[in-house]
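Step one of this worksheet: look at the structure below.
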Amino acid sequence: MNERIFRDFPELKTVDTREIGSDRTIKSYVLRTAGLKEREARAIERYWPRYGLSFKDEPLDLPALFGNDKPVVVEIGFGMGAATAHIARTRGGYNYLGLEVFLTGIAKLLNIVGKEDLDNIRIMRFDAVEVLKHMIVDGSIAGFHIFFPDPWPKKRHVKRRLIQKPFAELLARKLVKGGYIYCVTDWQEYAEQMLDVFDSIPGLKNPHRGFAPPIPWRLETSFERKGVAKEHPINEVWVEKL
Ligand SMILES: C[S@@+](CC[C@H](N)C(=O)[O-])C[C@H]1O[C@@H](n2cnc3c(N)ncnc32)[C@H](O)[C@@H]1O
2 MNERIFRDFP
12 ELKTVDTREI
22 GSDRTIKSYV
32 LRTAGLKERE
42 ARAIERYWPR
52 YGLSFKDEPL
62 DLPALFGNDK
72 PVVVEIGFGM
82 GAATAHIART
92 RGGYNYLGLE
102 VFLTGIAKLL
112 NIVGKEDLDN
122 IRIMRFDAVE
132 VLKHMIVDGS
142 IAGFHIFFPD
152 PWPKKRHVKR
162 RLIQKPFAEL
172 LARKLVKGGY
182 IYCVTDWQEY
192 AEQMLDVFDS
202 IPGLKNPHRG
212 FAPPIPWRLE
222 TSFERKGVAK
232 EHPINEVWVE
242 KL
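Numbering follows our numbering, in which position 66 of the sequence shown is assigned residue number 67; successive positions increment by one, without gaps.
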């Protein structure tokens with residue numbers, strides 16, 4: 002199934018520039034290689050041409066992409082995408098660019114947004130770090146959503162965590178003034194790392210000082226359900242660009 006999709010949409014096959022021959026950095030993800038189900042492949046065939054975007058080493062023209070100049074929110078690692086679709090549907094004043102490398106999740110989100118004919122979302126299958134570095138213009142993003150980023154709990158893997166100073170600086174650089182970064186995690190120690198990392202960046206402020214109260218427009222995500230089942234605390238972190 003995946004071969005059929007990769008043949009018809011080759012841009013879905015390559016998820017980072019290592020394969021193109023550069024940027025051999027530590028990655029925040031491990032590719033899950035689940036084969037697509039028939040209905041997931043069909044969702045890609047039907048809706049990728051409308052919602053999908055290929056990686057290109059050139060700045061993205063966001064108003065041209067969405068056909069309007071509403072503020073743009075980027076979500077990193079949307080997983081199965083149900084929360085992403087919910088937010089796009091109910092918080093329609095923004096456009097959303099969803100970044101994920103997990104192909105099944107891409108198919109699932111395409112299926113929801115395609116059936117509902119949502120107009121304010123686009124989707125890329127590529128390493129978010131590289132998309133931000135190569136395609137997103139500084140000072141152009143209204144918000145970042147990063148819900149339940151991989152916690153990489155083992156000590157030797159901590160370096161793979163997304164929320165570290167260089168990445169937080171990159172996020173801050175891409176934000177408009179007053180733009181926000183909104184992260185949620187069920188991993189207490191990572192939540193504290195997030196507070197510390199954002200705190201260390203002079204251009205960002207935390208209006209809540211510590212963790213933020215739950216934000217009503219965020220739907221529970223699939224990884225959140227797993228965390229809650231294990232009785233992990235859910236911590237929200239919201240910071241803004243000065
Ligand atoms: C633990 S899951 C959480 C998914 C979803 N947000 C949720 O809460 O259910 C983290 C997701 O981030 C994706 N991811 C990790 N690093 C990424 C990166 N650099 N670029 C794009 N996606 C990434 C992974 O593929 C994975 O699906």
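Beta carbons: idealized from backbone N, C-alpha and C, even for Gly.
Close beta carbons around residue 240, own chain, < 6 Å, minus the five adjacent residues each side: 182, 199, 205 and 207
Between residue 170 and ligand 1, is the CB less than 6 Å from at least one heavy atom? no
Closer than 6 Å to a non-hydrogen atom of ligand 1 - does that hold for the CB of residue 103? yes
Using only CA atoms, which one of 65, 33, 26 and 7 lies nearest to residue 42? 7
Residue 124 lies in the beta strand (DSSP E); which residues open and close that run? 122-125
Can you look up residue 193 in the DSSP assignment and give me helix, strand or coil? helix
Tell me which same chain residues have a C-beta within less than 8 Å of the C-beta of residue 9, skipping the five on either side of it? 46
So, helix, strand or coil for residue 188, using DSSP? coil
Within its chain, find whatever has a CB closer than 6 Å to the CB of residue 2; leave out the 5 residues flanking it on each side and keep chain order. 36, 37 and 42
Please determine whether the Cβ atom of residue 181 lies at a distance below 6 Å from any heavy atom of ligand 1. no
Any chance the CB of residue 128 is under 6 Å from a heavy atom of ligand 1? yes
How do the region 219-229 and the region 137-153 stand: do at least 3 beta-carbon pairs fall below 8 Å, yes or no? yes
Please state whether the Cβ-Cβ distance between residue 79 and residue 99 is less than 7 Å. yes
Note down the Cα distance separating residue 82 from residue 220, rounded to an integer number of angstroms. 10 Å
For a minimum of 3 consecutive residues, which ranges assigned as the beta strand (DSSP E) are wholly contained in the region 130-183? 142-148
Determine the DSSP secondary structure at residue 66, reduced to helix, strand or coil. helix
Given residue 177, which residues of its chain have a CB within under 8 Å of its CB, disregarding the five upstream and five downstream residues? 72, 140, 141, 142, 143 and 242
With respect to the alpha helix (DSSP H) encompassing residue 109, which residues constitute its N-terminal and C-terminal limits? 104-117
So does residue 29 have its beta carbon nearer than 6 Å to some heavy atom of ligand 1? yes
Quick check: is any heavy atom of ligand 1 less than 6 Å from the C-beta of residue 224? yes
So the candidates are 89, 27 and 95; which of them puts its Cα closest to the Cα of residue 129? 27
Just to check, is the beta-carbon of residue 99 closer than 6 Å to a non-hydrogen atom of ligand 1? no
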